[in-house]
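Enquirer:
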Amino acid sequence: MKWKKAVLLLAGLLILPQITRASGVTDDVYFYCNTGGEKKIALTFDDGPHPVYTREILEILDSYGIPATFFIIGVNAEQYPELVQAELAAGHEIGNHTYRHLNLQREAYETVRGEILETENLLGEMTEQRLHLFRPPGGLYCDAVCRAAAELEYTVILWSVDTRDWAHPSVEDIVENVMTNADSGDIILFHDYVSGHSPTPEALRRILPELIARGYQFVTVSELLGENS
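Note that this note's numbering has the sequence shown beginning at 66, numbered continuously upward.
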């Protein structure tokens with residue numbers, strides 16, 4: 066089995082085999098999944114919806130018939146509810162990314178729980194779905210985050226390949242990053258909401274056909290973890 070590097074944000078956490086998760090905090094913090102040799106990858110997009118880039122990314126994914134998982138911020142969903150509906154209509158999965166995108170490591174348990182619940186209630190009204198995937202902003206988590214997620218029946222999802230597209234690297238750098246590091250079972254982090262000009266759509270146009278040519282199948286995070294199998 067090939068070990069995957071992950072940015073561990075708490076001291077003393079270990080990467081474990083099989084379904085890789087953080088140890089010592091909770092059994093439900095996932096970075097990637099051992100797919101047993103199956104060439105499956107999950108694309109994830111954070112911070113949206115965005116009035117321009119979310120729609121453009123949806124069009125690109127649709128052109129290849131690729132599903133993805135969108136981790137949605139509540140305040141953005143309130144502004145662009147039609148894009149949340151467009152994601153669902155296209156067969157994508159949505160997850161909870163808090164209401165205000167706070168650094169949850171700095172917040173009390175009650176605030177953390179409130180951030181999750183406010184977005185859950187909002188998206189529940191929009192979609193009539195009960196969300197079960199949660200990604201803390203910046204991948205920053207602590208005991209309060211893990212406890213709140215567990216009590217609210219969420220699985221915490223991080224990532225194994227970080228494109229850092231929010232920092233506006235060049236398209237070439239994003240493509241090289243993904244094509245060098247992507248492997249079976251990876252959860253790849255993109256953002257559909259990027260301030261200023263986003264390199265993400267153009268990077269996707271280059272990355273997706275190459276990963277398809279390499280034989281990868283794209284699945285949602287839940288499918289990668291086997292929850293829908």
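C-beta: ideal position from N, C-alpha, C; glycine also.
Given the structure is predicted, the values throughout are model-derived calculations rather than measurements.
Taking Cβ to Cβ, would you say ILE106 is nearer than 7 Å to ASP251?
Expert: Cβ atoms of ILE106 and ASP251: closer than 7 Å.
Enquirer: Helix, strand or coil for ILE138, going by three-state DSSP, please let me know.
Expert: In the structure shown, ILE138 sits in coil (DSSP, three-state: anything other than H, G, I, E or B).
Enquirer: Grouping DSSP H, G and I as helix and E and B as strand, with all else coil, what is LEU167?
Expert: Here LEU167 sits in coil by DSSP.
Enquirer: Round the Cβ separation of ASP220 and PHE199 to the nearest angstrom and send it over; I've been treating them as touching at under 8 Å.
Expert: Looking at the sequence itself, residue 220 is Thr, so the reference to Asp does not match. About 7 Å; that satisfies the 8 Å criterion.
Enquirer: Compare the Cα-Cα distances from GLU267 to each of LEU223, TYR118, ASN99 and report the closest residue.
Expert: Of the candidates LEU223, TYR118, ASN99, the one whose C-alpha sits nearest the C-alpha of GLU267 is TYR118.
Enquirer: So the beta strand (DSSP E) GLN282 belongs to, where does it begin and stop?
Expert: Per DSSP, GLN282 belongs to the beta strand (DSSP E) from 282–284.
Enquirer: Go through its chain and collect everything with a Cβ distance to SER287's Cβ below 8 Å, but skip five positions before and after it.
Expert: Correct list, in chain order: THR134, GLU158, HIS197, LEU198, ASN293.
Enquirer: According to DSSP, simplified to helix, strand and coil, what is ALA107?
Expert: Strand.
Enquirer: Spell out the partners DSSP gives PHE255 in its beta bridges.
Expert: Beta-bridge pairing links PHE255 to PHE110.
Enquirer: Which one or two residues does DSSP pair with GLY261 in a beta bridge?
Expert: GLY261 is not bridged to any residue.
Enquirer: Three or more beta-carbon pairs under 8 Å between the stretch 206–221 and the stretch 240–258, yes or no?
Expert: The stretch 206–221 vs the stretch 240–258: no contact.
Enquirer: By DSSP, does ASP248 sit in helix, in strand, or in coil?
Expert: ASP248: coil per DSSP, three-state reduction.
Enquirer: Could you please give me the residues that DSSP links to ASP238 through a beta bridge?
Expert: In DSSP, ASP238 forms no bridge with anything.
Enquirer: Examine the Cβ distances between the stretch 256–276 and the stretch 125–132 and report whether three or more of them are shorter than 8 Å.
Expert: Enough Cβ pairs lie closer than 8 Å, so yes.
Enquirer: Can you list, in chain order, the residues of its chain with a C-beta nearer than 8 Å to that of PRO264? Leave out the 5 residues immediately preceding and following it.
Expert: So the qualifying residues of the chain are ASP230, HIS233, PRO234, SER235, VAL236, ILE239.
Enquirer: Taking buried to mean at least 16 other C-beta atoms within 10 Å of its own C-beta, is ASP317 buried or exposed?
Expert: The structure shown has nothing for residue 317, since the chain only spans 66 to 294.
Enquirer: Output yes or no for whether 7 Å exceeds the beta carbon distance between TYR164 and GLU180.
Expert: Contact: yes.
Enquirer: By Cβ distance below 8 Å, which residues in the same chain neighbour LEU188 in space, the five residues on each side in sequence not counted?
Expert: Counting only Cβ-Cβ distances below 8 Å, and skipping sequence neighbours, we find ILE137, GLY139, ALA142, VAL149, ILE159, ASN161, GLN194, LEU196.
Enquirer: Quick one: residues in its chain with C-beta nearer than 6 Å to the C-beta of LEU223, no 5 flanking neighbours on either side, listed in chain order?
Expert: If we look at LEU223 and ignore the five residues flanking it on each side, its Cβ neighbours are PHE96, GLY204.
Enquirer: First and last residue of the beta strand (DSSP E) that includes CYS211?
Expert: Unbroken run through CYS211 is the alpha helix (DSSP H), 208–216; no beta strand (DSSP E).
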